[in-house]
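Structure, as structure tokens:
Numbering (full-length UniProt numbering), first residue to last: 1 to 1047.
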């Protein structure tokens, strides 16, 4: 055969008509065997396939006695299918005859796999329904016949198989023909169905490709002849309709609308209309897959096809700039397509999860994904009798007629007229599971109210309206939710409240308004992911007490700055991947501050950055990742694994380290200008004739000074510190005040005091350098309100907020990250509230380190927990529970420690966030934000929307805390992915990594505040180096997330 003959042969086959057909029927009716026989007889099998078939047939021994080949093995590809001799999944095969090309869908017969059968039938032109001659018409035969008729297939071939097992008797064939014709009137649109009965023996080939000598009484056509000659309908000659799959914007000079032509054809210059907006335009260009270049040529024109027809995949450009989104319909101007948000449809329920009337689901019609509710079930079909009866729910394989309401108007069409606009699937909005498929039978008038409320909801609504009319509950749910989220943001940005208070308040508000039921509200605080987060933080207390960080810190600082920076990056990033980053930073700050080789200001910002970057490498590296995972699990998605973050997180950590070394000159180089302790102190001696003598500190008014704070009384060689408000002043007492020495004139108002004649004996003071922890009870309180001296047996000598020295110590509101220089009393070390409220930087042994053996035991146990969880041997939750129990038994942790350091704030924030997220989704506000993201970034495709979600999260992180940013961005990210019809996983990781990208603002991350208080950094210090780090971090994240987690 020469080249021209080969080309002619290929062209001949290319132009053959394509026919899709399905084989269906009850289990073990011989569907796979029939297809195997047809493939064999059509000479489309290669020699190696036939040899493999012979070997497999001998191995399985399922072939008929005397036969060498088991043809079903050509189709049943799964191991479980071959073992059981049944079909489970839909198998597609291809073959050709002289007249047509065929795509065969071999579908399972078992009732539990009916949804697979419906999937296979959705695009078929002909249905071959097999009936076992021994069994006759069965229930599954009826079910498959009804589903096939629902899907609009008009050509039925009833293949009565296994005639050899009934001795090829005509009366058996006639009886089955009669029985099947009896059910025909019960099928959908039966008047349009053409029935053809063929008696066959698939395994022997009787009446498959040639007439059977065993059945001379049959005068009809063979199965192959029917497949070659039965007419099939196409959409080529219908009106032009195309659903927009996505908006393609590869560069500024091109904006195209991509999709598959659902019917008809289109030419350049045709007038079109956009549905549902009803805007009109003309076709400017038609880009087909063979056109690769989308940039204008020298004459400013893009290469374009003149026309395209069904079923081509094309990109259209229009003469006018029109706002078109995914799911919109482009159609010929003269086509009338109904626009509504309500319709009746036949439903095939495909999930083991039953239908819940009035529950919000997602519906996908063509390329549009939106919210839908089932307002009522008109009737359910009994497949045995074909009777219709009322129902309140639908279960697996049920078929029913239902009324559905969408939350927006869209272009709809009856399934008989157009399959693209008349068919849909129902999706669970939390798990993304496909629940049902449907075919539209009747389009209703647009409904103004898209939700039908239960009686309990109506009663609750009436009660609240009567007793709390100012709330306007339910009527303006979306408005109320939007205002509450805005208020939440403002409160978080202000920083005047602990984050747990506004989060908890908003969640409680939603419960009181009826947006959350009690089970959902309380369930948010008991989710597995939240419990894992709490357990992890409690277990980390013991890990912090081990000597691992003290041991590691000895090897960091040396004479070489760059080598010291490198070692700091490696060690801190590695430890932060498994431990809370605030604890890691607190452990290393003192070492860096007091080192003798390098300027601390060149290392403390990198310390904070390394701890953040290291935390992105694992699920447990930062609370943000665990919070995101809580939302993942709440929405029915598979829980993220410990090392799912590693690939991207490792590259980010490496990139941050390299950037900090390359741009180290942007780091500030402050000399240590920290004030001496004596500069914070003022001494005042009580003279013998002073009227203060014999009165308490409180009565003398010495506790209410605005700029000064009484921290010590020196009396007869003894030091009284801290000073009780009931302490009586005696003559010759030396009163030591801390605060702003510029205001010593305040003391001159008290008679009988000699100011500044004697210097305080600093060596007599026991001083402690401490930083307020994020979980401290002091946050949001002033020093006086906190009753600081009594609670901690300590006085504050100096208070530093970031780079600012605070002069009004008593009235200053304390925040996480504030640095305190304390003069402590003897009881300070024994107080049980120290570790909960302070990170101790220097000069105290309160945090007793465990010995080497104990430290090794704890570290090994913690790593074992991580390993067992990563390998899937134990869940992380169970492993942490066991490890915590062991720590308590061996007294490495005490119940009092757990009580004091229980992360109540994080518990409230995460639990409340889960509740708030659910309301954001239910109210439709998350979808509105998602639509906004898509409208702004969607013109650049799915990747553009992905970048939009990342940038939104990053912006929130710089404004508020990282955990709060993740909580607010997650529902928007999930809704965006669902609207685009893509995997939510890349968008979820965009939120996780975006929430940790807080490098430019000192208040954006707790560790930034801690190092700022230690070294007096200014905001611009973070902005200069933080911008470069954020840019690098973002480029790495946005580049690698789609590679490791595809859309």
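Where a beta carbon is used, it is the ideal one built from N, C-alpha and C, also for glycine.
In the structure shown, the three-state DSSP call for residue 889 is helix. Residue 180 is positioned such that its CB atom lies no closer than 9 angstroms to that of residue 209. Unbroken beta strand (DSSP E) runs of no fewer than 3 residues, entirely contained in the region 815-844, are found at 819-824, 838-842, following chain order.
The C-alpha of residue 536 is placed about 54 angstroms away from the C-alpha of residue 148.
Only residues of its own chain outside the window of five on either side were considered, and among them 340, 342 have a CB closer than 8 angstroms to the CB of residue 445, listed in chain order. The beta carbon of residue 541 is closer than 7 angstroms to those of 893, 897, 901 in its chain, skipping five residues each way along the sequence.
Proximity to residue 219 across 669, 196, 317 peaks at 196, based on C-alpha coordinates. Between the alpha carbons of residue 34 and residue 438 lies a distance of about 30 angstroms. Ranked by how close their Cα comes to the Cα of residue 232, the residues 908, 155, 838 have 155 in first place. The beta carbons of residue 1036 and residue 655 sit about 5 angstroms from each other, so the pair counts as a contact at 8 angstroms.
Between residue 737 and the set 755, 751, 749, the nearest pair of CA atoms involves 755.
The C-beta distance from residue 43 to residue 106 rounds to 19 angstroms, too long to meet the 8 angstroms contact threshold. Comparing alpha-carbon positions, the option among 280, 793, 335, 310 lying closest to residue 317 turns out to be 280.
Straight across, the Cα-Cα distance linking residue 436 with residue 356 is about 12 angstroms.
Across the structure, residue 522 and residue 488 are spaced so that their CA atoms are roughly 21 angstroms apart. Checking the DSSP bridge columns, you'll see residue 361 partnered with 372. If only uninterrupted alpha helix (DSSP H) runs of at least 4 residues are considered, those enclosed by the region 928-971 are 941-959.
In the three-state scheme derived from DSSP, where H, G and I count as helix and E and B as strand, residue 854 is classed as helix. Residue pairing from DSSP places residue 92 in a beta bridge opposite 105. Between residue 358 and residue 608 the beta-carbon gap is near 50 angstroms, outside 8 angstroms, which marks them as no contact.
Annotation for residue 132: the continuous beta strand (DSSP E) segment containing it runs 126-132. Counting only residues of its own chain and dropping the five nearest sequence neighbours on each side, residue 876 has a CB closer than 6 angstroms to the CB of 532, 869. Following the DSSP letters along the chain, one finds residue 629 inside the alpha helix (DSSP H) bounded by residues 623-634. Residue pairing for residue 199: DSSP places it in a beta bridge opposite 160. Per DSSP, reduced to three states, the secondary structure at residue 415 is coil, with no helix or strand assignment. The residue among 408, 151, 713, 198 with its C-alpha nearest the C-alpha of residue 190 is 151. Distance from the Cα of residue 95 is smallest, within the candidate group 906, 163, 669, 17, for 17. Here residue 175 carries a helix assignment [DSSP, helix/strand/coil]. According to DSSP, residue pairing for residue 280 in a beta bridge involves 273. Judged by DSSP secondary structure, residue 229 falls within the alpha helix (DSSP H) whose first and last residues are 223-229. Taking C-beta atoms as the reference points, residue 556 and residue 1032 fail to come closer than 9 angstroms.
Around the beta carbon of residue 787, a 10 Å sphere encloses fewer than 16 other beta carbons of the protein chains shown; the residue is thus reported as exposed. In this structure residue 626 is buried. Its beta-carbon is surrounded by 16 or more other beta-carbon atoms within 10 angstroms. Residue 194 sits in a strand when the DSSP states are folded into three classes. For the pair of segments examined, the region 992-1003 was found to touch the region 944-961: the number of CB pairs separated by less than 8 angstroms reaches three.
Under the 8 angstroms Cβ criterion, the region 324-335 counts as touching the region 269-279, having at least three qualifying pairs.
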